[in-house]
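>
2 protein chains.
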Amino acid sequence: MRPPSTPIEVPILKDLTIDNITENVNRINAQCPDARLKYVLERLVTHMHDFARETRLSTQEWMAGIEFLTAVGKQCTDVRQEFILLSDTLGLSLLVDSIDHPKAPFSTEGTVLGPYHTHDALPGAHGHAISADPSGTPLLCLCRVTDSSQRPVPDVKVDIWETDSKGSYDVQYEGYSGDNPDGRAVLKTDAEGVFWFKAIVPVPYRIPNDGPVGKMLEVLGRHPWRPSHMHFMFEKGGFDHLITALYLRGDPYETSDAVFGVKESLIVDLGTVTSEQAKEYDVAEGSKLLTYDFVLETEADTQKLRNEQAQKAMEKLGIWEGMTIINGLPVPAVD
Amino acid sequence: MRPPSTPIEVPILKDLTIDNITENVNRINAQCPDARLKYVLERLVTHMHDFARETRLSTQEWMAGIEFLTAVGKQCTDVRQEFILLSDTLGLSLLVDSIDHPKAPFSTEGTVLGPYHTHDALPGAHGHAISADPSGTPLLCLCRVTDSSQRPVPDVKVDIWETDSKGSYDVQYEGYSGDNPDGRAVLKTDAEGVFWFKAIVPVPYRIPNDGPVGKMLEVLGRHPWRPSHMHFMFEKGGFDHLITALYLRGDPYETSDAVFGVKESLIVDLGTVTSEQAKEYDVAEGSKLLTYDFVLETEADTQKLRNEQAQKAMEKLGIWEGMTIINGLPVPAVD
C-alpha cells in the first residue's frame with residue numbers, strides 16, 4: 001500500500017489491532033517531508049509487520065531479537081562493524097551492491113565491502129609492498145584500469161586490503177591503533193591506467209565468529225569461512241565507485257562463501273613471474289603472479305542503467321505505477 | 001516460498017544476483033535443525049530482501065541504516081533499551097503483544113511493555129505508597145483481579161510502575177543505581193483478588209528523545225509524547241502473563257501515543273475519594289481515585305485462542321497450507 005498523496009490526515013491512534021496497526025503507523029510516518037524516506041519507511045514498516053504476522057512472532061522471540069540486535073550493536077567498535085557482518089551473512093550487502101551498482105557486460109562486477117576497510121592505509125607508490133608478513137607467499141600484482149571502451153583510466157585512487165598469512169586483518173591485531181596499517185595500500189593508476197604492487201597470496205579466513213553473528217551462523221549450521229580473496233576499491237570523479245574483490249580459483253570455500261561474495265568473473269588463476277618480469281619488478285623468478293584488468297563504468301552510464309533497471313524491476317513487481325525516479329531513486333509521484 | 005522439506009542440498013553459492021540471492025540464502029540457512037527458527041529466518045530474509053528490492057535501496061541508504069542500528073545499540077544500557085523504543089515507535093511491540101496475547105471479550109487487553117520495566121521494585125504490602133514524589137497529585141488505587149468467570153484470583157504478583165510528577169522514571173535519574181526504586185511496587189492480590197496502593201496521578205511524558213530513536217521521530221515529523229498512564233504486569237501460574245497499562249481519559253495525547261499503546265478499554269476516568277474511603281484507606285477525602293477490575297485469561301484458554309487465531313490469520317494470508325502448530329507456534333510441516 002502507498003502512503004496517501006493527498007494531504008496527510010493524522011490518524012486517531014487508538015485501539016490498534018493486528019489488522020490495522022500497519023496502515024496507522026504508515027499514516028503517522030507519512031508526515032515525513034522527505035518523499036523518499038517516507039517511501040522507504042512505509043516499505044520497512046510494512047515488511048516488518050508482515051514478518052511478525054506471517055510468523056505469528058511470539059513475545060519471547062521478539063525479545064530474543066531485541067537482545068540479539070543489542071548484542072550486535074554492543075560488538076561494534078571503531079575497528080569492527082558487526083551490523084555489516086550481519087548484513088553480509090544474510091545476503092543483504094551483496095543484494096544492495098547489485099541494485100546500486102548495476103554493471104554492463106564486460107565491466108568489472110562489484111562485491112561485498114565487508115567490515116574491514118579502513119582509512120588508515122597510507123598512499124603508496126607503484127611497487128609498494130603492502131604486506132609486512134614474512135610468512136606470506138610473495139605475490140606480484142600487475143593490474144590495469146580501463147573504461148568500457150578499453151581506454152586506460154589514469155589517476156584512479158585504488159584502495160587495496162588483504163589479510164596476513166594467518167587470515168587476520170591488521171585491525172584484528174591486539175592493540176591495533178591505526179598507526180601501523182598492514183596488508184593495505186592506497187595507490188594511483190599511472191597514465192596507462194596501470195597500478196602494481198607486491199602483496200602475499202590471500203588465504204581463506206573465518207569472519208569473526210566470537211560475537212553474536214558468529215553464534216547465529218553456528219545455530220544455523222553454517223560455517224564462517226570466506227574463500228581467499230583480495231579487496232579492491234576504485235574511486236575517480238566521473239566514474240561509478242567500484243567496490244570489488246578478486247578470488248583465487250580452487251579455494252575450498254569457492255562455492256560456500258559465508259557472505260555470498262564470489263562471482264565467476266572475479267575468480268583468478270595465479271600465474272608465475274617470468275625471468276623478465278622478475279628483473280623488471282625486482283621479485284624472485286617463479287613467484288606467484290596476479291594480473292587483472294579492471295573496467296570502470298562512468299557515473300552517467302551507471303545512473304542510466306540504475307534507472308532503467310529500477311523501472312524494469314518495479315514493473316515486474318507490479319509496483320511501478322505511480323512511481324517516479326528522483327535523484328536516482330524511486331519515490332511515489334506526487335499528484 | 002517455503003524452505004524445502006526434502007533433505008537440504010547445499011547450494012552452489014556463486015554469481016548470486018538480485019533475483020536469486022534470496023532463495024540461496026534461504027537454502028543455506030535451511031541447514032538449521034530448528035524448524036521454527038528456520039521458518040522465522042526464511043521469512044525475515046525474504047522480507048528484508050524484498051524491502052531492498054522494492055525500494056531499490058542505495059548503498060548510501062544501506063550505510064545510513066547500518067549506522068542508525070549501530071547508534072541504537074550503543075544507546076542501550078542496563079537502564080535504557082533503545083531497541084525496544086525503536087520497536088515501540090514503529091508499532092512492532094504492540095503488534096507482537098496482540099499476536100501473542102489474544103484476548104477473549106471482557107478479558108483485560110494488553111499493551112506495550114515499554115523500555116522502563118525493571119526488577120528493582122521491592123515487594124510491598126497493601127496500601128504501599130509507590131511514589132516518594134511530594135509534588136505528585138495523590139492517587140488512591142483500588143484494584144481487583146478476577147478470572148473470566150469473575151472469580152477473584154488471589155496471590156497474583158502485580159508489578160506496577162509509573163513516572164514521577166515531572167514525567168521521569170526512576171531509572172532516568174542521574175546516578176540511578178537500582179537501590180532506591182521509586183514509582184514502582186510489586187504487590188500480591190489477597191483472597192478477594194484485591195490489591196490497593198497509593199500512587200500519584202500519572203502525567204504525559206516524552207519518550208527519551210535524545211538518542212537515535214528521538215532523532216528518527218523528529219525527521220518523521222512525529223512528536224515523542226505518551227499520554228498519562230500507569231503500567232501493570234500480572235503473573236500467576238496457570239494464567240497468561242498480562243502486560244498492560246491504564247490511561248487517563250482526556251489526555252492531550254490520548255489519540256496520538258508515540259508508541260501506539262492506547263486502547264479504549266484501558267482508558268479510565270478518575271474518581272474522588274469519599275469520606276468513608278478516606279477513613280478506610282487513610283487518605284484525604286476528595287483525593288483522586290483510580291478503580292479497575294483486571295480480568296486474566298488462563299494459559300490454556302490463551303493457548304487455544306492463540307492457535308485458532310494463528311491458523312485463521314495464516315489461512316487468510318494464504319500461507320497455512322503445509323503448516324502445523326508446534327509448541328504454540330506455526331512451522332512448516334515435515335513430510
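Those protein sequences? They're chains W and P, same order as listed.
Per UniProt numbering, the very first residue in the first sequence carries number 1; after that it's consecutive.
Per UniProt numbering, the very first residue in the second sequence carries number 1; after that it's consecutive.
We put the beta carbon where it would ideally sit given N, CA and C, even for glycine.
Alpha carbon to alpha carbon, what distance is there between Ala191(W) and Leu198(W)?
What sits at residue 198(W) in the sequence shown is Lys, not Leu. One C-alpha to the other measures close to 20 Å.
> From Val96(W) to Thr255(P), what does the alpha carbon distance come to, in whole angstroms?
Distance from the CA of Val96(W) to the CA of Thr255(P), rounded to the nearest whole angstrom, comes to 38 Å.
> Rounded to whole angstroms, what's the CA-CA distance from Asp179(P) to Ala121(P)? Just pull it up for me.
9 Å
> So what's residue 375(W) in DSSP terms, helix, strand or just coil?
The requested residue 375(W) does not occur in the structure, where chain W is confined to residues 1 to 335.
> Indicate whether at least one CB of chain W lies closer than 8 Å to the CB of Trp62(P).
yes
> Do Glu109(W) and Thr244(W) have their CB atoms nearer than 8 Å?
It is a contact, given that the beta carbons lie within the stated cut-off.
> Please tell me whether Thr6(W) has its Cβ less than 8 Å away from any Cβ of chain P.
Note that Thr6(W) scores a pLDDT of 47, beneath 50, so its modelled location is shaky and nothing firm can be said.
> Mind checking Gln75(P): buried by the 16 CB within 10 Å criterion, or exposed?
buried
> On the CB-based measure, 16 or more other CB atoms within 10 Å of its CB, does Ile326(W) come out buried or exposed?
Counting every other CB atom within 10 Å of its CB across the protein chains shown gives Ile326(W) a total below 16, marking it as exposed.
> Span of the beta strand (DSSP E) holding Leu246(W)?
From DSSP, the beta strand (DSSP E) with Leu246(W) extends over 242 to 248.
> For a cutoff of 8 Å on Cβ pairs, would you count Pro3(P) as touching chain W?
Any reading at Pro3(P) needs caution, since the residue's pLDDT is 44, under 50, leaving its predicted position unreliable; the model's value is listed next. Not one chain W Cβ lies under 8 Å of Pro3(P).
> Between Lys237(W) and chain P, is there a C-beta pair that is closer than 8 Å?
Here residue 237(W) is Gly; the residue named in the question, Lys, does not match the sequence. No - not a single Cβ of chain P is within 8 Å of the one on Gly237(W).
> Identify the contact partners of Asn29(P) in chain W, using a Cβ-Cβ distance below 9 Å as the criterion.
Leu90, Leu220, Gly221, Arg222
> Please state whether DSSP places Leu270(P) in a helix, a strand or coil.
coil
> Could you pull the DSSP bridge partners for His126(W) from this structure?
His126(W) pairs with nothing; no bridge assigned.
> What's the gap between the Cα of Ala52(W) and the Cα of Thr59(W)?
10 Å
> Could you tell me whether any Cβ in chain P is nearer than 8 Å to the Cβ of Lys288(W)?
no
> What residues of chain P sit near Pro212(W), judged by a beta carbon separation below 8 Å?
Going along chain P, no residue has its Cβ under 8 Å from Pro212(W), so there is no contact; the nearest lies around 10 Å.
> Any heavy atom of the ligand ADP closer than 7 Å to the beta-carbon of Gly91(W)?
Because no ligand of any kind appears in the structure shown, any question about the ligand ADP cannot be addressed here.
> In whole angstroms, give me the CA-to-CA distance for residue 352(P) and Leu69(W).
No statement about residue 352(P) is possible, as the shown extent of chain P runs from 1 to 335 and does not include it.
> Please report whether the beta-carbon of Thr298(P) lies at a distance below 8 Å from any beta-carbon of chain W.
Closer than 8 Å: no.
> Determine the extent of the alpha helix (DSSP H) in which Asp97(W) is found, giving its start and end residues.
92 to 100
> Which residues, in chain order, does the region 72 to 85 of chain W contribute to contact with chain P at a C-beta distance below 9 Å?
Correct list: Val72, Gly73, Lys74, Gln75, Cys76, Gln81, Glu82, Phe83, Ile84.
> Please classify Leu317(W) as buried or exposed, where buried requires at least 16 neighbouring CB atoms within 10 angstroms.
Note on Leu317(W): under 16 other CB atoms within 10 angstroms of its CB, so exposed under the neighbour-count rule.
> Which word fits Pro181(W), buried or exposed, when buried means at least 16 other C-beta atoms lie within 10 angstroms of its C-beta?
buried
> Within the continuous beta strand (DSSP E) that includes Trp161(P), where are the two ends?
157 to 161
> Evaluate residue 355(P) with the Cβ neighbour count: other Cβ atoms within 10 Å of its Cβ, from every protein chain shown; 16 or more gives buried, anything less gives exposed.
This structure leaves residue 355(P) out entirely; chain P is present only between 1 and 335.
> Closest by CA to Lys166(W), which one among Val203(W), Pro138(W), Leu13(W), Glu280(W)?
Val203(W)
> Using beta-carbon positions only, say whether Leu329(P) and Arg151(W) come within less than 8 Å of one another.
no
> Given a cut-off of 8 Å on the beta-carbon distance, is the pair Leu13(P) and Phe260(W) in contact?
The criterion of a C-beta distance shorter than 8 Å is satisfied by Leu13(P) and Phe260(W).
> For a cutoff of 8 Å on Cβ pairs, would you count Asp120(P) as touching chain W?
no
> Please name the residue in Gly127(P), Met63(P), Asn209(P) whose C-alpha comes closest to that of Glu280(P).
Checking every option, the nearest Cα to that of Glu280(P) belongs to Gly127(P).
> Please state the DSSP three-state secondary structure of Ser256(W).
strand
> How many angstroms separate the CA atom of Phe83(W) from the CA atom of Gly221(P)?
Approximately 27 Å between the Cα atoms of the pair.
> Straight-line CA distance for His72(W) to Asp155(W)?
Note on residue identity: the sequence assigns Val, not His, to residue 72(W). In a straight line, the C-alpha of Val72(W) is about 38 Å away from that of Asp155(W).
> Using a Cβ-Cβ cut-off of 8 Å (strictly less than) and excluding sequence neighbours within five positions of Phe272(P), which residues of its own chain qualify?
The residue you asked about is not Phe; residue 272(P) is Thr in the sequence shown. Cβ within range, chain order: Gly286, Ser287, Lys288, Leu289.
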